[in-house]
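Respectively, the protein sequence lines represent chains A and B.
Going by the UniProt record's numbering, the first residue of the first sequence is number 1, and it counts up by one from there.
Going by the UniProt record's numbering, the first residue of the second sequence is number 1, and it counts up by one from there.
All C-beta atoms in this analysis are idealised placements derived from N, C-alpha and C, irrespective of residue type, glycine included.
Beneath this line is the structure, given in structure tokens, with notes to follow.
Number of protein chains: 2
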Amino acid sequence: MNQEAILKSLVADQLVSDPASARGRLLKEAARLFRDKGYERTTVRDLAAAVGIQSGSLFHHFRSKEKILEAVMVETILLNTALLKSAVDEADNNGDKLRALIRSELESVIGQTGEAMAVLVYEWRSLSEESQEKVLALRDIYEQVWLDVLEALKAEGALSANPFIVRRLLTGALSWTVTWYKPEGGMNLSALTEEVMATLSLQG
Amino acid sequence: MNQEAILKSLVADQLVSDPASARGRLLKEAARLFRDKGYERTTVRDLAAAVGIQSGSLFHHFRSKEKILEAVMVETILLNTALLKSAVDEADNNGDKLRALIRSELESVIGQTGEAMAVLVYEWRSLSEESQEKVLALRDIYEQVWLDVLEALKAEGALSANPFIVRRLLTGALSWTVTWYKPEGGMNLSALTEEVMATLSLQG
DNA sequence: GACAATACCAAGCAAGCGCTTGGTTTGTAA
DNA sequence: TTACAAACCAAGCGCTTGCTTGGTATTGTC
Chain A
1 MNQEAILKSL VADQLVSDPA SARGRLLKEA ARLFRDKGYE RTTVRDLAAA VGIQSGSLFH
61 HFRSKEKILE AVMVETILLN TALLKSAVDE ADNNGDKLRA LIRSELESVI GQTGEAMAVL
121 VYEWRSLSEE SQEKVLALRD IYEQVWLDVL EALKAEGALS ANPFIVRRLL TGALSWTVTW
181 YKPEGGMNLS ALTEEVMATL SLQG
Chain B
1 MNQEAILKSL VADQLVSDPA SARGRLLKEA ARLFRDKGYE RTTVRDLAAA VGIQSGSLFH
61 HFRSKEKILE AVMVETILLN TALLKSAVDE ADNNGDKLRA LIRSELESVI GQTGEAMAVL
121 VYEWRSLSEE SQEKVLALRD IYEQVWLDVL EALKAEGALS ANPFIVRRLL TGALSWTVTW
181 YKPEGGMNLS ALTEEVMATL SLQG
């Protein structure tokens with residue numbers, strides 16, 4: 001299943017907002033603004049202006065500004081978990097599975113959902129505690145996909161370090177790419193993926 | 001030269017505030033608050049209360065709230081560049097130099113200056129453009145220490161990936177430790193350093 | 001074509017924000 | 001003791017914030 005099909009399936013199940021709907025467009029703009037200016041610096045007037053309505057009208061769609069942040073995070077993690085699972089399922093050995101995970105996460109961070117992924121990583125503190133728990137539970141599912149592959153690699157001797165530690169180091173390393181990676185720089189996603197594999201000394 | 005001596009030397013040169021002075025204590029509290037709540041969520045009233053003065057009195061010490069953030073960042077990077085250089089100078093082969101760099105950066109991120117380091121990494125957007133340039137110039141000096149060692153490792157064949165990319169991946173990986181590493185968890189700094197080395201497949 | 005339900009606007013409120021002001025206390029040195 | 005600067009306080013100004021309110025278009029359904 002390709003990315004488009006996965007998105008459509010999630011929209012059909014009402015797990016993710018249709019990007020064409022009013023709600024979906026607002027979440028998209030919110031992700032962009034939250035990443036560019038930060039959640040706190042982004043005002044409800046900014047959000048409203050980005051979709052061409054009055055600030056008060058926002059509260060017809062969301063109970064509060066924070067609920068917008070929560071929705072951005074929840075929908076992003078649901079979508080990317082689905083994409084990650086799909087990617088890993090298509091590979092048939094653990095080395096290729098790891099490569100697929102790295103590439104999928106890089107795509108999430110750098111591509112379409114990049115703005116929302118950055119928000120997910122860097123605006124954590126702005127969530128209320130209840131929202132944090134909700135997002136955390138979803139995050140655990142995502143992380144388990146990674147851990148299954150890393151533990152398999154460890155078991156077959158291809159990895160010498162602790163899988164939990166490796167995953168945490170990779171989380172930081174991959175999410176940080178959003179601050180420096182520019183596709184125009186001459187290095188495409190495949191090449192970047194291979195550089196990460198090489199850094200782990202796990203070539204082809 | 002140990003950490004204490006390096007700090008004293010920087011204080012003597014007036015590059016870093018004495019942690020015992022009013023200014024030094026304010027910067028310490030500011031770093032803690034900025035990390036815990038974020039720069040935007042931290043009010044000048046919070047900052048003032050943390051050192052036991054009225055909010056207006058802050059502006060006797062700093063022209064604006066943003067100048068406080070700038071000072072936290074500038075002093076942190078100056079101190080940690082000095083610590084990093086000192087650490088790398090004490091090792092005598094490139095493998096050990098890399099180990100020293102990793103350990104030094106982990107100490108910066110996790111130890112005494114951890115709060116300020118987190119601010120340096122995650123509150124970038126809240127700086128004015130002029131302040132960003134000032135901090136960026138200092139950061140380049142810090143980064144060059146890393147690049148010298150990684151390029152030497154590449155030249156001697158111990159590293160297969162691109163040194164620039166490796167450094168950027170490590171920046172993310174190491175700074176992210178602040179979100180998950182707890183010394184009480186049973187793993188000390190030396191062990192974590194070795195896990196990072198192992199992840200790079202560069203053991204002892 | 002009636003009628004809800006949904007989506008939106010225009011106006012503004014209460015609270016909190018960074019920062020300023022005018023004046024007082026504290027420390028230092030002749 | 002006097003002189004003066006550095007450090008601080010008490011009060012509050014002007015502005016922005018998230019959000020509310022009461023009302024008006026727009027849309028979908030039978």
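- The residue among A:29, A:40 and A:67 with its C-alpha nearest the C-alpha of residue 53 of chain A is A:29.
- In the same chain as residue 81 of chain A, and ignoring 5 residues on each side of it, the C-beta atoms closer than 8 Å to its own belong to 138, 141, 142 and 145, in chain order.
- Residue 3 of chain A: member of the alpha helix (DSSP H) spanning 3-12, first to last residue.
- Around residue 40 of chain B, the beta-carbon contacts reaching into chain A at under 7 Å are 38, 40 and 41.
- A check of alpha carbon separations from residue 149 of chain A across A:110, A:92 and A:172 identifies A:92 as the nearest.
- Note on residue 71 of chain B: 16 or more other CB atoms within 10 angstroms of its CB, so buried under the neighbour-count rule.
- Across the stretch 78-106 of chain B, no CB contact with chain A closer than 9 Å is found for any residue.
- Of all residues in the stretch 145-173 of chain B, those with a C-beta nearer than 8 Å to a C-beta of chain A are 160, 161, 162, 165, 166, 168, 169, 170, 171, 172 and 173, reading in chain order.
- Comparing alpha-carbon positions, the option among B:98, B:86 and B:42 lying closest to residue 193 of chain B turns out to be B:98.
- Residue contact check for residue 195 of chain A against chain B: a CB pair falls below 9 Å.
- Residue 200 of chain B reaches chain A at 199, 200 and 201, counting residues in chain order whose Cβ is nearer than 8 Å.
- The beta carbon of residue 113 of chain B lies closer than 7 Å to those of 76, 79 and 80 in the same chain, with the five residues before and after it left out.
- At least one CB atom of chain B sits nearer than 9 Å to the CB of residue 126 of chain A.
- With a threshold of 9 Å between beta carbons, residue 47 of chain B makes no contact with chain A.
- Restricting attention to A:21, A:201, A:6 and A:37, the CA atom closest to the CA of residue 115 of chain A is found in A:37.
- In terms of CA proximity to residue 178 of chain A, B:168 leads the group B:168, B:84 and B:157.
- Distances from the alpha-carbon of residue 34 of chain B to those of B:1, B:3, B:15 and B:120 put B:120 closest.
- Taking a 10 Å sphere around the C-beta of residue 100 of chain B, we find 16 or more other C-beta atoms and assign the residue as buried.
- Contact between residue 170 of chain B and residue 107 of chain B does not hold, since their C-beta atoms are separated by about 15 Å, which reaches or exceeds 8 Å.
- Rounded to the nearest angstrom, the Cβ distance from residue 69 of chain B to residue 39 of chain B is 6 Å, consistent with a contact under 8 Å.
- CA-to-CA, the gap between residue 117 of chain B and residue 18 of chain B works out to about 18 Å.
- The closest CA to that of residue 161 of chain B, considering only A:160, A:74, A:7 and A:198, is found on A:198.
- Around the beta carbon of residue 27 of chain A, 16 or more other beta carbons sit within 10 angstroms, so the residue counts as buried.
- By the CB criterion at 9 Å, residue 128 of chain A and residue 90 of chain A fall outside the cutoff.
- At a C-beta separation below 7 Å, residue 122 of chain A has these neighbours in chain B: 122.
- Using a Cβ-Cβ cut-off of 9 Å, residue 64 of chain A does not count as an interface residue toward chain B, since no Cβ of chain B sits closer than that to its own.
- Interface annotation, residue 189 of chain B: not in contact with chain A, CB-CB separation never under 9 Å.
- Here the alpha carbons of residue 109 of chain A and residue 200 of chain A stand approximately 19 Å from one another.
- Within chain A, no residue has its beta carbon less than 9 Å from that of residue 131 of chain B; the closest one is some 15 Å off.
- Within the same chain, 83, 84 and 87 come within 7 Å of residue 104 of chain A by CB-CB distance, once the 5 residues on both sides are set aside.
- The Cβ-Cβ distance between residue 175 of chain A and residue 111 of chain B does not fall below 9 Å.
- Non-local beta-carbon contacts of residue 195 of chain B in its own chain, meaning distances under 8 Å to residues more than five positions away in sequence, involve 187 in chain order.
- Inclusion of residue 11 of chain A and residue 73 of chain A in the CB contact set at 9 Å is not warranted, their separation being larger than that value.
- Contact note: residue 175 of chain A reaches chain B through 172 and 176, using a C-beta cutoff of 8 Å and chain order.
- Linking residue 3 of chain A to residue 16 of chain A through their CA atoms gives a straight-line distance of about 14 Å.
- Under the Cβ criterion of 9 Å, residue 179 of chain B is counted among the residues facing chain A.
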